[in-house]
Amino acid sequence: MNEAPAGTTWQLTDDKGGKLAGRWWKWALSAPKELSPVRDTTGEHAGWKQPRDLWFLAGTYGGKVVRTCEIPAGRPLFFPVINMQHTHSHSATPLTIPVAEATAHLNGVELVLSQFSGSFRTGFTRRHAWGLWGAVEPLVPGQYVLEIKADTGQGFWLDTTYHLTVVENLG
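Now the structure itself:
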């Protein structure tokens with residue numbers, strides 16, 4: 055397993071992070087149910103329609119999930135620790151979720167998490183995204199373990215482990 059390099063966290067501005075949160079949600083919502091990286095419990099669908107400039111890791115619908123996947127070297131990672139989205143008609147401003155605990159560790163090194171919100175569209179529907187997000191600079195080829203945990207303190211929790219293999223020329 056590779057050591058997580060110092061400075062692994064990818065520092066994002068609020069504006070850029072909010073836009074990435076919207077892009078992540080558009081990606082996650084566009085997947086058909088049977089190919090959804092969010093519903094996936096193994097990592098089999100992790101590569102589904104990934105953008106060329108970064109690599110999204112999927113969140114979950116709660117509970118414990120362990121995923122194994124290959125990701126390309128040279129792309130930063132962006133992923134939710136805990137997040138939500140809703141339509142503009144539901145609320146004109148982004149809603150949030152209570153968070154009692156939220157952590158992410160890459161090979162045992164704690165990552166800095168950032169709160170981002172942003173607006174995006176799916177078709178003609180205006181939506182808002184909110185969440186605590188992790189972002190990681192491109193990793194060198196090798197093996198990594200990303201552990202993501204969150205708890206609302208109100209019954210919803212998640213414990214996601216990614217076994218990542220970073221490879222050259224994946225795509």
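Take the sequence shown: its position 50, counting from 1, is numbered 104 in our numbering, and each next residue is one higher. Built from N, CA and C at the ideal position, the CB exists for glycine as well.
Between ALA127 and VAL221, the gap from beta carbon to beta carbon is short of 9 angstroms. A Cβ-Cβ contact shorter than 9 angstroms links GLY71 with SER168.
LEU131 sits in a strand when the DSSP states are folded into three classes. PRO134 sits close to GLY188, with the two beta carbons spaced by under 9 angstroms.
In this model, LYS203 and THR214 are separated by some 6 angstroms (Cα to Cα). With a cutoff of 9 angstroms on beta-carbon distance, PRO195 and PRO130 are scored as not near each other.
In its chain, beyond the 5 residues on either side, no residue has a beta carbon closer than 6 angstroms to the beta carbon of LYS103. Rounded to whole angstroms, GLY97 and GLU155 show a C-alpha spacing of 24 angstroms.
Comparing alpha carbon positions, the residue from GLN197, GLU201, HIS144 closest to VAL166 is GLU201. It is roughly 32 angstroms from the alpha-carbon of ILE125 to the alpha-carbon of GLY209.
By the CB criterion at 9 angstroms, ASN137 and GLY185 fall inside the cutoff. In chain order, THR157 place their CB closer than 7 angstroms to the CB of GLU164, counting only its own chain and leaving out the 5 sequence neighbours on each side.
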